[in-house]
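Residue numbers (the numbering used here), protein chains in the order written: chain A, 1 to 272; chain B, 1001 to 1272. For each residue, glycine too, the CB sits at the ideal point set by N, CA and C.
Next up, the structure:
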């Protein structure tokens, strides 16, 4: 009797587990996901990209079959569309299977951009992905969403094999998180770019700024950004700010300097 | 004979070495410098601040004598003015000794803001100083400048006792370095502030962003900021940028988003 119960349980369980994956897309996110899946002994059946060369690069690196023919997609438990935002809907229409799950990896696209009769979800890893970086995948938070509540656990268990930080959030929260990520990653990196430009213009190595960059990022682990703020805008030091505007040659840099300083100054104006 | 030569050499050497220090000011920079000096067994004779309580706090923490009476300054080999930019000249006029060295610690003030008949210099540690942070002082770059070339070695040797990265730069380079620091530290921290605001507004913990913040700072150790850039502005993804502007409620945030995105987009426009 016990034997039968176990068999039945096993049957249900295996139907509800993601064991095989296909990756649609071959950009930076696809590159790192392929590596994360393989490192965690998840079977990747196939990688598709409309440009064969890109699919081939990732495929050959990880012994994954690859194709540039969307009609040749083979069946997997999960299809991960790691493509540009504008390509997601179009690609989602080409997945010819009903009894599979399809997720996209975009921060800014709602789940309902996926069009098909399959199970739908989102698998959003919050990280900046550049090729040539070795990432600790288990430290990258993954934010998941599923159309049907019964699929939540399945996608959660799958994401949990890769990351120690899996969270369930809805599309609105994800959009807000993605916006926040633009500030703390993309915009921060642009500040680094300007820092590099200014130091090299003064014949100084960018390396001089690196301990400061490191401490600025480390500081907010123990202080809130509000408490960590320093600098002329916080002190409303108009003499220094005027000097800085005069030193800046580039009009975009001047505009940013003014707007960012104004925003900081308004937050701290009551503390002076 | 040899004995006399050694004695003579020792005499010259000790005349040209900084053995004792006084600190003028008791803000965040003074706080950390006092700790760095004491940790490196440099004798700090006195700390002065016009508000006794602040001088007392640092003084008592490190067994340093303190005063709020500028007329009671005792003589040291080196006076470090770690005060606000606008107070430097005024304070420098109150140092009543000729055969000492006086330095300020400001990134944006030229050396000639110091007025007196003593040896003049600048001692600029490039770091963001908040109380309540433990810093590795030997990793903080210190940028020095002296009025007379014969003093350069003396100040260098002194700075070298504290930091592994001592560099000689002029006032113009220092001003540019300070401007660069505003971007990679003060402005970056403001981006973190906005990231925190956006996540908490969506009922999400700021912690979700921390692995991304860490990787963004770590990435530029191996990639240039130019190569490390990602995000909608680089891709000229106007759909996402429009959505983000709609999500932002705060007008300052909208203005910054537009200006920073414009600057990024112009740098990468020829790559699309």
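Item                                                                                                                                    : Value
Pairwise C-alpha distance: residue 1156/B and residue 130/A                                                                             : 40 Å
Check whether residue 1143/B and residue 191/A have beta carbons under 7 Å apart                                                        : no
For residue 1219/B, the three-state DSSP class (helix, strand or coil)                                                                  : helix
Span of the alpha helix (DSSP H) around residue 1171/B                                                                                  : 1171 to 1181
Interfacial residues, the stretch 21 to 41 of chain A to chain B, with Cβ spacing under 7 Å                                             : none
Bounding residues of the alpha helix (DSSP H) (the contiguous stretch that carries residue 1225/B)                                      : 1225 to 1228
Residue 1141/B vs residue 257/A beta-carbon contact at 7 Å                                                                              : no
Cβ shell of residue 1167/B (< 7 Å), same chain only, five flanking positions each side left out                                         : 1141 and 1143
Beta-carbon neighbours of residue 127/A, restricted to chain B and to distances below 9 Å                                               : 1211, 1212 and 1215
7 Å Cβ cutoff, residue 1274/B in contact with chain A                                                                                   : An answer regarding residue 1274/B cannot be provided, because it is not within the stretch 1001 to 1272 covered by chain B.
C-beta neighbour in chain B for residue 255/A, strict 7 Å                                                                               : yes
DSSP beta-bridge partners of residue 307/A                                                                                              : Residue coverage of chain A in this structure runs from 1 to 272, which leaves residue 307/A outside it and unanswerable.
Close-in-space but distant-in-sequence residues of the same chain around residue 14/A (CB under 8 Å, 5 per side omitted)                : Because residue 14/A carries a pLDDT of 45, less than 50, the predicted location of this residue cannot be relied on, and no value is offered for it.
Exposure label - residue 51/A; buried when at least 16 CB within 10 Å                                                                   : exposed
Closer than 7 Å to chain C by CB, residue 1191/B                                                                                        : The question asks about chain C, but that chain is absent: this structure's protein chains are A and B.
Chain-ordered neighbours of residue 110/A on chain B, where CB pairs are closer than 7 Å                                                : None at all; the shortest Cβ gap to chain B is about 10 Å.
Buried or exposed (CB count within 10 angstroms, at least 16 for buried), residue 1012/B                                                : Per-residue confidence for residue 1012/B stands at a pLDDT of 47, beneath the threshold of 50, marking its modelled position as unreliable; the derived number appears in the next sentence. Per the 10 Å Cβ criterion, exposed.
Three or more C-beta pairs below 8 Å linking the stretch 233 to 247 of chain A and the stretch 1074 to 1092 of chain B                  : yes
Chain A residues whose Cβ lies nearer than 8 Å to that of residue 1230/B                                                                : 28, 128, 129, 130, 185, 186 and 189
Alpha-carbon spacing of residue 63/A relative to residue 46/A, whole angstroms                                                          : 10 Å
Complete beta strand (DSSP E) runs within the stretch 23 to 59 of chain A (minimum length 3 residues, chain order)                      : 43 to 48
The stretch 145 to 156 of chain A in contact with the stretch 209 to 221 of chain A per 3-pair CB rule at 8 Å                           : no
Within-7 Å CB hit, residue 259/A to chain B                                                                                             : yes
Rounded straight-line distance, which links the Cα of residue 161/A to that of residue 3/A                                              : With a pLDDT of only 48 at residue 3/A, under 50, the local geometry of the prediction cannot be trusted, and no value is derived from it.
Residues near residue 76/A in its chain [Cβ-Cβ closer than 6 Å; skip 5 each side]                                                       : 20, 21, 22 and 45
Within chain A, partners of residue 1115/B - CB distance below 9 Å                                                                      : Those do not exist, as residue 1115/B stays about 18 Å from chain A at its closest Cβ, beyond 9 Å.
Residue 1132/B classed as buried or exposed, judged by whether at least 16 other C-beta atoms fall within 10 angstroms                  : exposed
Residue 1059/B versus residue 1025/B: straight-line alpha-carbon distance, rounded                                                      : 11 Å
Buried versus exposed, by CB contacts within 10 Å (16 or more), residue 1061/B                                                          : exposed
Residue-chain proximity (residue 12/A, chain B), Cβ-Cβ < 7 Å                                                                            : Reliability of the predicted coordinates at residue 12/A is poor, the pLDDT of 47 falling under 50, and no value is obtained from them.
Residue 1171/B versus 1203/B, 1118/B and 1108/B, residue with shortest Cα-Cα distance                                                   : 1108/B
Secondary structure of residue 74/A, DSSP reduced to three states                                                                       : coil
7 Å Cβ cut-off: residues of chain B touching residue 145/A                                                                              : What residue 145/A touches in chain B: nothing, since even the nearest Cβ is about 13 Å away.
As assigned by DSSP and simplified to three states, the class of residue 67/A                                                           : strand
Terminal residues of the alpha helix (DSSP H) in which residue 271/A lies                                                               : No alpha helix (DSSP H) contains residue 271/A, which DSSP labels as neither H nor E.
Validate contact between the stretch 245 to 260 of chain A and the stretch 1175 to 1185 of chain B using beta carbons, cut 8 Å, 3 pairs : yes
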